[in-house]
Amino acid sequence: MQGVARNFFTLAIGYAIVGMLLGLSMAMSHDHAQMPTHAHIMVLGWIMSSVFAFFYHLVPAAASRLATVHFWLSGISGIVLVAGLFMMIGGNPSIEPVVAVASMAFFVGMLLFAWIALGTMWKSTTVASPRNAAAS
Ligand code: HEM
Ligand code: HEM
C-alpha cells in the first residue's frame, strides 16, 4: 500500500484510536452524550477512510492527482466535522456553522470520490486490480 491509499489508511487508524478512546470514556463515565461524535468518528472516519484506502490500493488507476485532492478534502472536512461536533455537543452551539460547512465539504468529497471511482471502473481498459491487471 502506498501513496493516497496509505494516506487514507493512516488517517483511518488515527480515527479508530481516537474514536475508540472516546467510546471507552463514554462507557466508563456512563455519559453517552457524545454518542453521535463517537459514531461518526468510527463510521465516517475509520470505516470510510479504510474503504477509500482499499479502493485506491486495489484500483491503482484511480489513484490520480484528483485522488490526492479527494484525500485532503475528505481528511480536512472530516476532522473539522467530528471535532466541531464534539465541541457542539460539549456545549458550544456557536460552532454549528463550522460543522455545517464541514459536512457539506465532506459530501463534496464523496461526490468527487464517486466521479473518480465510477469514472475509473467504467473505463474498462484502466480497471486494474493487482489480480486482474495481468489478465486485462
Ligand atoms: C473500544 C471500543 C468501543 C467502545 C468502548 C464503544 C462504546 C460505545 C458506546 C458507549 C456507545 C453508546 C451506546 C448508546 O448510548 O446507546 C457507542 C455507540 C456506537 N458505536 Fe461504539 N464503541 C466502541 C467501538 C466502536 C466501533 C469499532 C464502531 C464502528 C466501527 C462503533 C460504532 C458505534 C456506533 C455507530 C454507535 C451508535 C449506535 C447507535 O446509533 O445506536 N463503536 N459505542
Ligand atoms: C455529511 C455528513 C453527515 C451529516 C451532516 C450527518 C448527520 C447526522 C445526523 C443529524 C444524525 C442524527 C444524530 C442524532 O440523532 O443524534 C446522524 C446519525 C448517524 N450518522 Fe450521520 N451524518 C453525516 C455523515 C455520515 C456518514 C458518512 C456516515 C457513515 C459512513 C454516518 C453515519 C451515521 C450513523 C451510524 C448515525 C447514527 C448514530 C447516532 O445516532 O449518533 N453519517 N448523522
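Here the working numbering is used: the first residue of the sequence shown is 87, the next is one more, and so on.
Glycine included, every Cβ here is placed at the ideal spot set by N, Cα and C.
Predicted, not measured: the structure shown is a model, and the values here were computed from it.
{"Query": "Proximity winner among I202, K209, V184, relative to R151 (alpha-carbon distances)", "Result": "I202"}
{"Query": "For S160 and R92, the rounded distance between their alpha carbons", "Result": "15 Å"}
{"Query": "Rounded distance between the beta-carbons of G164 and L130, thought under 8 Å", "Result": "6 Å"}
{"Query": "Closer than 7 Å: L110 CB and nearest ligand 1 heavy atom", "Result": "yes"}
{"Query": "Outcome for I181 when other beta-carbon atoms lying within 10 angstroms are tallied against a minimum of 16", "Result": "buried"}
{"Query": "Every unbroken alpha helix (DSSP H) within the region 149 to 186, with a cutoff of 4 residues, ordered by chain", "Result": "151 to 175"}
{"Query": "Candidates A148, I175, V155, P183: closest to W208 by CA position", "Result": "A148"}
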